[in-house]
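Okay, structure first, notes after.
Protein chains in written order, with our numbering: chain A, 17 to 108; chain B, 46 to 520.
Next comes the structure, spelled out in structure tokens:
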């Protein structure tokens with residue numbers, strides 16, 4: 017005898033998105049560094065910024081209000097509009 | 046299918062009242078007003094007249110027959126009056142025929158409709174009401190073990206779950222008057238709207254009974270608020286998960302445990318309500334260990350952590366009342382909790398001494414040299430509660446005492462103090478540091494009547510930075 021069950025999972029169909037093309041190089045590119053507000057994340061990002069700038073990238077710094085919540089949509093939008101690449105820093 | 050015009054009767058042959066009124070029905074069948082008789086179990090009953098077979102009970106189910114005989118009067122497609130059982134004056138009025146059933150008693154109550162026989166409501170709801178369910182159906186193969194099939198599809202938290210058959214889901218939905226299609230909350234991390242139906246399916250999985258569903262719905266609503274921040278609570282590396290504290294009459298009504306072993310196993314609503322919430326997050330929201338759930342070690346409470354407050358035995362106002370819910374109303378309060386830390390004090394007989402024990406143990410929440418980051422939920426047992434009751438200490442008095450005792454010397458708290466690198470920033474060395482932020486210590490009363498023990502449930506990142514406790518009143 018077969019048994020029929022009601023699916024407990026989500027039935028959404030997420031919109032497919034393609035990944036942005038990889039940057040050919042860093043020179044002259046605007047790169048976002050997103051600090052998620054974990055302690056000492058800034059130490060890590062300061063060093064990354066130095067390295068990026070040495071490679072000719074323009075670095076823009078952003079910060080989440082708290083590491084415990086997703087980045088606000090306004091912040092994500094701002095990064096997407098202003099930058100061509102983003103590095104998100106986890107740290108403890 | 047609409048009922049035919051005129052008089053319409055529903056009967057079953059094993060109902061003595063139906064047998065009693067059989068001659069009346071035969072008499073009415075020859076009258077001016079057309080009569081249609083649906084028989085639930087025997088198309089030959091009543092004898093000697095035309096009867097429509099309702100053996101599949103579709104007509105009875107669609108017309109919500111609860112008692113037989115039921116007699117309708119239908120005019121221009123609308124039911125204008127309904128009678129249940131036999132009562133001569135009513136039947137005479139409805140039929141317009143006097144002198145019905147000479148020799149019959151004036152009144153006889155009817156019998157239960159076959160649609161209400163054990164097991165039938167669920168079966169019929171599935172047969173005829175299945176279209177109420179919008180969710181995708183999963184048909185298992187004949188040789189599939191349902192428990193293995195469900196585990197294989199990733200629907201479980203590691204323990205077996207109850208197969209969510211249409212019958213069980215429809216029965217679960219009987220637990221709430223809410224429309225199955227109504228959106229309850231948008232569930233993180235995938236931010237998927239959860240309908241009442243989806244929550245009900247997961248409540249079936251978790252092992253809930255229908256009467257628990259309103260509590261589960263309230264818990265899902267509370268968990269998916271910005272303030273509670275279920276996304277962050279799920280994603281954190283910390284041990285925590287949602288702890289559901291139930292207040293108000295619903296706790297007794299559904300048989301929750303607030304006494305011995307209230308925080309443990311063995312009571313069905315306690316064990317399944319918190320589990321249902323976690324299964325909603327897993328299955329609807331897509332939050333799974335190793336995925337968005339990044340817990341370093343986790344805790345057993347993440348299977349589901351739910352208990353009721355002992356209100357009858359409490360020296361204090363219930364948690365929900367303290368948080369603004371009217372006395373006598375039911376509510377859930379969600380706390381981002383990370384497991385159980387026992388507190389023993391078998392010698393204190395004064396509230397001052399016992400408060401000092403609580404403070405000494407509360408100081409160690411997460412780390413004795415960290416403060417303001419972590420909330421805590423203190424579960425005071427009846428034997429400890431008695432000490433405060435007998436001394437006339439209100440909950441506010443106890444909290445004030447704890448606040449005073451937990452103003453800690455910065456010099457002992459800063460990094461490096463006591464040879465421990467962990468601690469508060471060095472610039473706080475001269476400060477007096479409160480262990481908890483204002484409102485960061487919740488106090489409830491629960492447990493068995495023997496044992497001078499209480500419990501601290503450690504929180505997670507507190508307040509706007511992380512999670513705020515959320516209380517949701519139930520409708």
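Using N, Cα and C, we set each Cβ at its ideal position, and we do this for glycine too.
Bear in mind the structure is a predicted one, so any value in this text is a computation, not a measurement.
| query | result |
| --- | --- |
| Please state whether the Cβ-Cβ distance between residue 57 of chain A and residue 105 of chain A is less than 8 Å. | yes |
| Taking 8 Å as the threshold (C-beta atoms), are residue 421 of chain B and residue 503 of chain B in contact? | yes |
| Using the beta-carbon of each residue, which ones in chain B are nearer than 7 Å to residue 28 of chain A? | 237 |
| Under 8 Å, Cβ to Cβ, is there at least one residue of chain A near residue 312 of chain B? | no |
| In terms of residues, what are the limits of the alpha helix (DSSP H) holding residue 315 of chain B? | 313–328 |
| Determine, using beta carbons only, whether residue 91 of chain A and residue 78 of chain A come nearer to each other than 8 Å. | yes |
| Could you name each continuous alpha helix (DSSP H) segment of 4 residues or more that falls completely within the stretch 40–93 of chain A, going from the start of the chain to the end? | 57–70 |
| Would you mind sorting residue 234 of chain B into buried or exposed? The rule is 16 or more other CB atoms within 10 Å of its CB. | buried |
| May I ask which residues mark the beginning and end of the beta strand (DSSP E) holding residue 448 of chain B? | Per DSSP, residue 448 of chain B belongs to no beta strand (DSSP E); it is in the alpha helix (DSSP H), 440–450. |
| Going by C-alpha to C-alpha distance, which of B/505, B/447 and B/390 sits closest to residue 496 of chain B? | B/390 |
| Assess, as a yes-or-no matter, whether the stretch 232–251 of chain B is touched by the stretch 260–273 of chain B under the definition of 3 or more beta carbon pairs within less than 8 Å. | yes |
| Anything in chain A within Cβ reach of residue 277 of chain B, meaning under 9 Å, just list it in chain order. | 82, 83, 84, 85 and 86 |
| Counting only Cβ-Cβ distances shorter than 7 Å, please list the residues of the stretch 196–219 of chain B near chain A, keeping chain order. | 200, 208, 209, 210, 211 and 214 |
| With DSSP as the reference, please indicate the residues paired to residue 479 of chain B in a beta bridge. | B/452 |
| Establish whether the CB of residue 47 of chain A and some CB of chain B are separated by less than 8 Å. | no |
| Does the pairing of the stretch 139–158 of chain B with the stretch 50–66 of chain B give three or more beta-carbon distances under 8 Å? | yes |
| Listing by chain order, which chain A residues have their CB less than 9 Å from the CB of residue 181 of chain B? | 22, 23, 25 and 27 |
| Check whether the Cβ of residue 266 of chain B lies closer than 8 Å to any Cβ atom in chain A. | no |
| Quick check: the Cα distance between residue 118 of chain B and residue 53 of chain B, rounded to an integer number of angstroms? | 6 Å |
| Just the C-alpha distance for residue 187 of chain B and residue 210 of chain B, rounded to the nearest angstrom, thanks. | 15 Å |
| For residue 317 of chain B, return the contacting residues in chain A, with the cut-off set at a CB-CB distance below 8 Å. | Within 8 Å Cβ-Cβ: nothing; residue 317 of chain B doesn't reach chain A, min ~14 Å. |
| Label residue 115 of chain B either buried or exposed according to how many other C-beta atoms from any shown protein chain fall within 10 Å of its C-beta, with 16 as the threshold for buried. | buried |
| What do you reckon, are the CB atoms on residue 519 of chain B and residue 376 of chain B nearer than 8 Å? | yes |
| Near residue 74 of chain B, what residues of its chain come up, given a Cβ to Cβ distance below 6 Å and the 5 sequence neighbours on each side ignored? | 80 and 94 |
| Is the beta carbon of residue 247 of chain B closer than 8 Å to that of residue 324 of chain B? | yes |
| Looking only at its own chain, which residues have a Cβ that is under 6 Å from the Cβ of residue 257 of chain B, when we skip the five neighbours before and after it? | 299, 314 and 318 |
| With 8 Å set as the bound, which would you pick, yes or no: does the beta-carbon of residue 19 of chain A sit closer than that to a beta-carbon of chain B? | yes |
| Helix, strand or coil for residue 105 of chain B, going by three-state DSSP, please let me know. | helix |
| Sort B/361, B/443, B/340 and B/250 by Cα distance to residue 196 of chain B and report the nearest one. | B/250 |
| Using CA atoms only, rank isn't needed, just tell me which of B/84, B/171 and B/130 is closest to residue 542 of chain B. | Residue numbering for chain B in the displayed model covers 46 to 520; residue 542 of chain B lies beyond these limits and cannot be assessed. |
| Which residues, in chain order, does the stretch 245–257 of chain B contribute to contact with chain A at a C-beta distance below 7 Å? | 246, 247 and 250 |
| Give me the chain A residues within the contact set of residue 469 of chain B, using Cβ-Cβ distance strictly less than 8 Å, ordered along the chain. | Chain A residues near residue 469 of chain B: none, gap ~12 Å exceeds 8 Å. |
| Is the stretch 86–101 of chain B touching the stretch 65–74 of chain B in the sense that three or more CB pairs, one from each, lie closer than 8 Å? | yes |
| Going by CA-CA distance only, name the one from B/425, B/288 and B/395 that's closest to residue 406 of chain B. | B/425 |
| Check for me: the alpha helix (DSSP H) holding residue 165 of chain B runs from which residue to which? | 165–174 |
| Please report whether the beta-carbon of residue 511 of chain B lies at a distance below 8 Å from any beta-carbon of chain A. | yes |
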